[in-house]
Amino acid sequence: MAPVRYRALPEPVTLLPPQTSSRLAPPPTCVALSGDGTRAAVGVGSSLYVLDLTKEDKSASQAKELFRKDLPDKLHCVAFSADDSIIAAGDAFGRCHVFHGHHGNSVNVFPHVRPERLLNKSDDDLALMELAVNGLAFSSDTLATCGADGGVSLWRLACGTRQRELYAELLDDPDDDERSEADKARDRRVLGWLSPEMRTMLKPAPAPAGYICACFCGDNSLVVGGERDELHVWVSTGEWAATPPEPSKQLKGHDQWVVSISYNNETLAS
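Residue numbers for the sequence shown follow this note's numbering, beginning at 4 and rising by one.
In structure tokens:
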């Protein structure tokens with residue numbers, strides 16, 4: 004076999020929002036690149052920066068800031084839609100913020116963790132709950148959010164409503180036996196509920212493993228990975244609203260958590 008000629012790789016370009024150049028600034032927590040390569044969305048603490056990548060001087064250590072959005076809680080993930088017209092960002096308190104991809108106007112805020120499950124909770128209770136939105140995925144008309152609560156929500160982009168909640172494991176609220184079965188089935192997978200006995204021990208109730216990443220394989224298949232050694236797949240035969248909440252199949256083969264997945268040209272990588 005003939006030797007391969009060595010070719011040095013180009014030096015990486017460091018893209019930092021202007022306000023984060025200080026050594027005391029928090030490090031970026033998430034980043035996404037637009038499909039046309041002209042913009043980057045960077046989460047730094049609770050701020051979302053959208054940067055211009057069209058500058059010709061590639062040696063510059065900073066990119067021009069197109070707009071900045073200051074949000075209430077730390078950002079865990081960010082993503083562009085397929086046509087780059089929408090930017091979504093998931094935060095640590097179970098919300099997904101949706102913005103216009105070019106001028107930054109707010110479009111919607113999706114409550115991945117239902118607000119009613121956070122009512123009458125003390126700061127200590129909230130600190131024990133796993134709320135963060137960790138993964139986002141776009142199809143042509145749907146946004147999927149997945150999080151540390153072990154659930155997946157599907158949102159209609161056109162009207163901003165929740166189509167469906169998907170989950171691999173169910174979790175009842177041990178403190179509320181008077182709720183109807185319908186109410187429990189709708190919301191039971193949220194983490195952090197404590198029984199009276201467990202409260203005295205300051206330990207959270209058992210809960211499903213959280214999700215970290217998601218991607219659509221076309222418009223009718225959704226793959227999600229996280230704190231498991233397998234991928235979960237949901238397949239829609241029509242409307243996502245009619246899809247059963249449990250996974251259609253599991254893809255096994257990993258030895259550790261699945262922290263990233265992507266799909267292209269009929270190939271899924273994890």
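Beta carbons: idealized from backbone N, C-alpha and C, even for Gly.
Nothing here was measured: the structure is a model prediction, and the numbers come from that model.
Check: What residues are listed by DSSP as bridge partners for T32?; Outcome: None, per the DSSP bridge assignment.
Check: Using 10 angstroms around the beta-carbon of Q253, count the other beta-carbons present and answer buried if the total reaches 16, otherwise exposed.; Outcome: exposed
Check: Going by DSSP in three states, P247 sits in which element: helix, strand or coil?; Outcome: coil
Check: In whole angstroms, what is the alpha-carbon distance linking Y266 and S109?; Outcome: 28 Å
Check: Can the beta-carbon of H79 be found closer than 8 Å to that of G93?; Outcome: yes
Check: Would you kindly check if the distance between the Cβ of G163 and the Cβ of N111 is under 8 Å?; Outcome: yes
Check: Report the start-end ranges of each beta strand (DSSP E) in the region 89–113 that is 3 residues or longer and not cut off at the edges.; Outcome: 89–94 and 98–103
Check: Are the CB atoms of L54 and K67 nearer to each other than 8 Å?; Outcome: yes
Check: Starting from K252, trace the beta strand (DSSP E) both ways and give me its first and last residue.; Outcome: K252 to K255
Check: Could you check the C-alpha separation between K255 and T270 for me, to the nearest Å?; Outcome: 16 Å
Check: Can you tell which of F141, A43 and E168 has its C-alpha closest to the C-alpha of W243?; Outcome: E168
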